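If you read the protein sequences in the order shown, they are chains A and B. Mind the numbering: the first sequence is residues 1 to 429 in full-length UniProt numbering, read in order. Mind the numbering: the second sequence is residues 1 to 429 in full-length UniProt numbering, read in order. Even glycine gets a Cβ: it sits at the ideal position worked out from N, Cα and C. The structure presented is a predicted model; accordingly, all values stated were derived computationally and were not measured.
Protein chains: 2
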Amino acid sequence: MEIIRKNFKDSLSTVYSAIEEADFLAIDGEFSGISDGPSVSALTNGLDTPEERYAKLKKHSMDFLLFQFGLCTFRYDQSESKYLTKSFNFYIFPKPFSRNSPDIKFICQSSSIDFLASQGFDFNKVFRNGIPYLNQEEEAQLREQYEERRNQANGAGTPSFISPSSKGPVNVPDEHKDFINRVIAKVDSLLSNTEKTVDLEPCTGFQRKLIYQTLNWNRVDEEERRRREHEKQEREQEELNDAVGFSRVIHAISKSGKLVVGHNMLLDVMHTIHQFYCPLPEDLNDFKEVTMCVFPRLLDTKLMASTHPFKVHNLRRTPSNLPELVRPYFSDGFQSYNTATEQLHEAGYDAYITGLCFISMANYLGSFLTPPRSHISAKSKLIEPFHNKDHVLYVTFPKEWKTSDLYQLFSAFGNPCTCTSCFLWHAQN
Amino acid sequence: MEIIRKNFKDSLSTVYSAIEEADFLAIDGEFSGISDGPSVSALTNGLDTPEERYAKLKKHSMDFLLFQFGLCTFRYDQSESKYLTKSFNFYIFPKPFSRNSPDIKFICQSSSIDFLASQGFDFNKVFRNGIPYLNQEEEAQLREQYEERRNQANGAGTPSFISPSSKGPVNVPDEHKDFINRVIAKVDSLLSNTEKTVDLEPCTGFQRKLIYQTLNWNRVDEEERRRREHEKQEREQEELNDAVGFSRVIHAISKSGKLVVGHNMLLDVMHTIHQFYCPLPEDLNDFKEVTMCVFPRLLDTKLMASTHPFKVHNLRRTPSNLPELVRPYFSDGFQSYNTATEQLHEAGYDAYITGLCFISMANYLGSFLTPPRSHISAKSKLIEPFHNKDHVLYVTFPKEWKTSDLYQLFSAFGNPCTCTSCFLWHAQN
């Protein structure tokens, strides 16, 4: 399901219930670039310590925009012994919602843009129709602005038509009483619907002030005032929700506490937190803590595939020859991806494929049980050892070793893959 | 005329001859943003000295991409007493042409992107079909790479199949002579067209080396070798031209020495030089020198409009009520812009409108002559005082003055406009 600015609000309940009913979620992001400094291969060099890798990515990757977010939800249907999936492909763009809203600058990397262009990526959908978002601080600031304005309107502040020295109305001087009474008569006539428009006589600034205060204090009864206040608050809440935009989807994923699966997902997680929650902390341990708060259960299929018992298992299988049993079916009304005609690098499809890889590996664990089981739930204890692993492959090795030694060491289960967006079957080639 | 990667090469001669025959050229650029630091209004604050303004724009504007370039050529047709115009709208993108080519990073500013999106700007045309370009240093580097490779192929270097110690071929050892003769027979048969493919026996690295040198030295006669060398050079020259891409249009404008007109053109000129010639110098005077080399005759219609005798002249005229006399006609095969349905912020249209403003002001100068003249040529001496003015409005004023004093001073001929892309009639409102 493609979700852009126009259909976002109407689709939100569908997204929420898909998350709510899911056994696990798979995510994937597309970015406007990878590295604004070192080459991509140097940036994702498999030999860095986790601290080094985190620091490099934080420094050189966070100014790019995550502009397409794929979410695929998987729910196991016991009666059919199959997964039911719903795939969402969100286009995201920080459209400024007012003159005072943050005017985000982001970097584009020509090679990444050119690559996405070659895959048929639709940039107009991002820039014309992308869903806006706010991080938590921006949301809090906007909420504060609305509250301040509301307090002012309720007389707590000092709006321009109330004299700072007196909170109440000033007396209407005798020489202006006729004028004000004429205005009241005209407005009464407007409110009682005998007139459709009202033409006021030209007046001075002081007379205008008298009109405001008279109409404000006299014309609207208390109940009507409360009703209007309530309407206004609802309108403001809706404006606020619109501005928070796509971040609400991430909040829902976070709140669900569901297992979130990604492939080589470090950059996805970093961008998601950076863009929709808060600027990334300096320290890797602080980042891990923030991550645990936002996504309590994460699983990286690339790391899982490089861990016992998968690292010796031949996982060269491509999605098109996944066993029939594993293949999920698509919920009604949802775009069905055909794995024979790959749509790699559309985030929704990539999330879907990542989910398939996870299902395949989870079920493989079932083959070790006595008796073997063909389906292993995402909530199974068997999966837990793969949760929340370091997002970086940390290799300790004698200091006199060279890169070539490491590559040789790893060659038994495939070269360490330095590509940040490749898939399982690439990683294993 | 819309020009993208696909039709660029075929359109180039049309562009060249339009420039060649023109009396003057108008240009305009669209960028991926304006400021990565201060707000746009602070960046283009009319009260800065030229040095300050140049330094600010160089620091905060040059990392954006000029991704649409409008060129409108104007040729005066004496027999019709009208201008003939040709308008070109180029989409530009630094698509990497090989693995080793520069991987340009550029910034996008959400408010600028959102503004262009609201004007119907087609981002897919930029990112999927934009014409590549190189600056002069990149072009020189690429040319050098080609030359190095050519020298290597001609034996001046040390390609892998020639032993470093001997430039000539090694002798074919007796035990390999049969093998080599069989290969020669097969290749001869291929060349004489009795066979369509050639299957070589499996061979060792040394045998492969023998094959290369034998075929290289023996099979091709001198004339054929020269023909192929020539073909290869032409192919390389074409590859080089493709990589230089859009920069060739700027080179042609520069080489023509024609008057180049823009509206509020400082940013356009800075981006054009930065993107297609060289990184901008630190110092404003050096920048002016570079600019004089690239564009020997520049005229800014916004500055012209704020100079005697225009600053007291009512220029609130919009393009739709330009006198009939001024309105140019469009050459056959060229998109005709209808000034009634404005297409503001398409670079080709903006360049066209800028040209109209210039014609209107140039002709107004003719009204001061005795007898008055209705047409003043772009080459007239009357225009020369407006050439190559500082690109910044430098106001000297007593140090105790405040901004409000300056605004009041200028109010007689409109507020100093701080918008970088507005037009004459906005500037004068």
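List the endpoints of the continuous alpha helix (DSSP H) containing residue i.
| i | result |
| --- | --- |
| phenylalanine 127 of chain B | 123-129 |
| lysine 82 of chain B | No alpha helix (DSSP H) contains lysine 82 of chain B, which is instead part of the beta strand (DSSP E) from 82-91. |
| alanine 378 of chain B | Here alanine 378 of chain B belongs to no alpha helix (DSSP H), and DSSP marks it neither H nor E. |
| valine 198 of chain B | From DSSP, valine 198 of chain B is part of no alpha helix (DSSP H); its letter is neither H nor E. |
| aspartate 188 of chain A | 174-191 |
| lysine 209 of chain A | 205-214 |
| serine 41 of chain A | 40-43 |
List the residues of chain B whose Cβ lies closer than 7 Å to the Cβ of residue i, in chain order.
| i | result |
| --- | --- |
| asparagine 124 of chain A | Asp122, Phe123, Asn124 |
| phenylalanine 127 of chain A | Ile113, Ala117, Phe123 |
| lysine 95 of chain A | Ser110, Asp114 |
| glycine 33 of chain A | Lys105 |
Report the neighbours of residue i on chain A: residues whose CB is nearer than 7 Å to its CB, in chain order.
| i | result |
| --- | --- |
| isoleucine 104 of chain B | Ser110 |
In whole angstroms, what separates the C-alpha of residue i from that of residue j?
| i | j | result |
| --- | --- | --- |
| glycine 9 of chain A | glutamate 2 of chain A | Residue 9 of chain A is actually lysine in this sequence, not glycine. Each residue's Cα considered, the two are about 13 Å apart. |
| isoleucine 383 of chain B | methionine 270 of chain B | 23 Å |
| valine 249 of chain B | threonine 272 of chain B | 11 Å |
| asparagine 285 of chain B | serine 79 of chain B | 43 Å |
| arginine 182 of chain A | threonine 197 of chain A | 15 Å |
| serine 380 of chain B | glutamate 289 of chain B | 24 Å |
| lysine 6 of chain A | tyrosine 146 of chain A | 24 Å |
| aspartate 283 of chain A | glutamate 52 of chain B | 38 Å |
| proline 385 of chain A | leucine 298 of chain A | 11 Å |
| alanine 305 of chain A | methionine 265 of chain A | 13 Å |
| glutamine 275 of chain A | serine 81 of chain A | 38 Å |
| residue 440 of chain A | alanine 243 of chain A | Any question about residue 440 of chain A goes unanswered here, given that chain A covers just 1 to 429. |
| lysine 258 of chain B | valine 294 of chain B | 11 Å |
| serine 98 of chain B | arginine 128 of chain B | 16 Å |
| arginine 208 of chain A | glycine 46 of chain B | 36 Å |
| alanine 362 of chain A | histidine 387 of chain A | 12 Å |
| histidine 230 of chain A | glutamine 237 of chain A | 11 Å |
| phenylalanine 74 of chain A | leucine 191 of chain A | 56 Å |
| asparagine 193 of chain B | proline 202 of chain B | 23 Å |
| phenylalanine 358 of chain A | aspartate 268 of chain A | 17 Å |
| residue 438 of chain B | alanine 378 of chain B | With chain B covering 1 to 429 only, the question about residue 438 of chain B has no answer from this structure. |
| serine 112 of chain B | tyrosine 337 of chain B | 24 Å |
| glutamate 187 of chain B | aspartate 199 of chain B | Reading the sequence as shown, one finds valine at residue 187 of chain B and not glutamate. If you take the alpha carbons of valine 187 of chain B and aspartate 199 of chain B, they lie about 9 Å apart. |
| leucine 280 of chain A | proline 50 of chain A | 15 Å |
| lysine 125 of chain B | threonine 370 of chain B | 51 Å |
| glutamine 152 of chain A | glutamate 223 of chain A | 20 Å |
| lysine 86 of chain A | valine 261 of chain A | 15 Å |
Once the 5 residues before and after residue i are set aside, which same chain residues still bring their CB inside 6 Å of it?
| i | result |
| --- | --- |
| serine 17 of chain B | none |
| glutamate 30 of chain B | Gln68, Ala347 |
| serine 189 of chain A | Glu195 |
Take residue i and list the residues in its own chain whose beta-carbon comes closer than 8 Å to its own, dropping the five residues that flank it on each side.
| i | result |
| --- | --- |
| valine 172 of chain A | Ile180, Leu210, Thr214 |
| arginine 143 of chain B | Leu240 |
Where do the ends of the beta strand (DSSP E) carrying residue i lie?
| i | result |
| --- | --- |
| aspartate 268 of chain A | Looking at the DSSP string, aspartate 268 of chain A is not in any beta strand (DSSP E); the run it does join, the alpha helix (DSSP H), is 266-276. |
| aspartate 300 of chain B | 298-300 |
| glutamate 25 of chain A | Looking at the sequence itself, residue 25 of chain A is leucine, so the reference to glutamate does not match. It spans 24-31 - the beta strand (DSSP E) in which leucine 25 of chain A sits, taken as one unbroken run. |
| glycine 262 of chain B | 259-262 |
Going by DSSP, which residues form a beta bridge with residue i?
| i | result |
| --- | --- |
| glutamate 282 of chain A | According to DSSP, glutamate 282 of chain A bridges with nothing at all. |
| phenylalanine 64 of chain B | B:Ile107 |
| glycine 245 of chain B | B:Tyr133 |
| tyrosine 329 of chain A | A:Leu84 |
| aspartate 77 of chain A | A:Lys82 |
| glutamate 2 of chain A | A:Asn89 |
| leucine 71 of chain B | B:Ile27, B:Phe88 |
Can you list, in chain order, the residues of its chain with a C-beta nearer than 7 Å to that of residue i? Leave out the 5 residues immediately preceding and following it.
| i | result |
| --- | --- |
| aspartate 63 of chain A | Asp36, Phe106, Ile107 |
| glutamine 136 of chain A | Tyr277, Cys278 |
| residue 432 of chain A | Missing from the structure shown is residue 432 of chain A; chain A here goes from 1 to 429 and no further. |
List, in chain order, every chain B residue whose beta-carbon is nearer than 9 Å to that of residue i.
| i | result |
| --- | --- |
| isoleucine 131 of chain A | Within chain B, no residue comes near isoleucine 131 of chain A; the closest Cβ sits about 13 Å away, beyond 9 Å. |
| aspartate 36 of chain A | Lys105 |
Could you tell me whether any non-hydrogen atom of the ligand GDP is closer than 7 Å to the CB of residue i?
| i | result |
| --- | --- |
| glutamine 213 of chain A | The ligand GDP is not part of this structure, which contains no ligands at all. |
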